[in-house]
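*Asks:*
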Amino acid sequence: MRRDVFQAIADPVRREIIELLAMQPLSVNEVAEKFEISRPAISKHLKILSECGIIAFNKIGRERLCLIQPQKLIPAFLWIKQYNKLWEDRIDSFENYIDQIQLKKDKK
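Taking the working numbering, I'd label the letters of the sequence shown as residues 203 to 310.
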């Protein structure tokens, strides 16, 4: 099965793993300790992230260190960025609407 960055970030556990690894490389066991789900479930998430190219494994002795490959997240970032202005405009419009309602309420 061919996977892409969007499949990787679609799952909240994988997004949390990405956040953890963005701070520092961790062993598979260290990643698993951060979650209340099974070690096999974490391994499956790590496998998907690896298949998407978002993480790489570096074997040191008996441990596998998980390393973030941030450049692989660029396509998702660029795709999301194009909608940034749209959402800002909608939020601003909603905020103005709320302000108008509050003004009417205050005048009463």
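Just so you know, even glycine gets a beta-carbon here, dropped at the ideal spot from N, CA and C.
For residue 216, does the count of other Cβ atoms within 10 angstroms reach 16, so buried, or fall short, so exposed?
*Replies:* Position 14 of the sequence shown holds residue 216. Residue 216 is buried by the Cβ-count criterion.
*Asks:* What number of angstroms, rounded off, separates the C-alpha of residue 275 from the C-alpha of residue 249?
*Replies:* One-based indexing of the sequence shown puts residue 275 at position 73. One-based indexing of the sequence shown puts residue 249 at position 47. Straight-line Cα distance between these residues: approximately 16 Å.
*Asks:* Can residue 213 and residue 247 be called in contact, C-beta distance under 9 Å?
*Replies:* Numbered from its first residue, the sequence shown carries residue 213 at position 11. Numbered from its first residue, the sequence shown carries residue 247 at position 45. Against a cut-off of 9 Å, the Cβ pair of residue 247 and residue 213 comes out as a contact.
*Asks:* Which one or two residues does DSSP pair with residue 266 in a beta bridge?
*Replies:* To locate residue 266, count along the sequence shown from 1; it is residue 64. Note: residue 266 sits in a beta bridge opposite 261.
*Asks:* Judging by CA-CA distance, which residue of 304, 208, 226, 218 is the nearest neighbour of residue 268?
*Replies:* Taking the first residue of the sequence shown as 1, we reach residue 268 at position 66. It is 226.
*Asks:* Could you tell me which residues DSSP pairs with residue 229 in its beta bridges?
*Replies:* Here residue 229 corresponds to residue number 27 of the sequence shown, with the count starting at 1. The partner list for residue 229 (beta bridge, DSSP) reads 267.
*Asks:* Is there contact between the segment 250-257 and the segment 218-225, where contact requires at least three CB pairs shorter than 8 Å?
*Replies:* The segment 250-257 is in contact with the segment 218-225.
*Asks:* Rounded to whole angstroms, what is the Cα-Cα separation between residue 260 and residue 237?
*Replies:* Here residue 260 is taken as the residue at index 58 of the sequence shown, counted from 1. Here residue 237 is taken as the residue at index 35 of the sequence shown, counted from 1. Their Cα atoms are separated by approximately 21 Å.
*Asks:* Closer than 6 Å by C-beta to residue 211: which residues in its own chain qualify, once you throw out the five before and the five after it? Chain order, please.
*Replies:* Reading the sequence shown from its first residue, position 9 is the one you call residue 211. Correct list, in chain order: 217, 278.
*Asks:* Near residue 258, which residues of its chain fall below 6 Å by C-beta distance, leaving aside the five closest residues on each side in sequence?
*Replies:* Stepping through the sequence shown from its first residue, residue 258 is reached at position 56. Excluding sequence neighbours, residue 258 sits near 269, 271.
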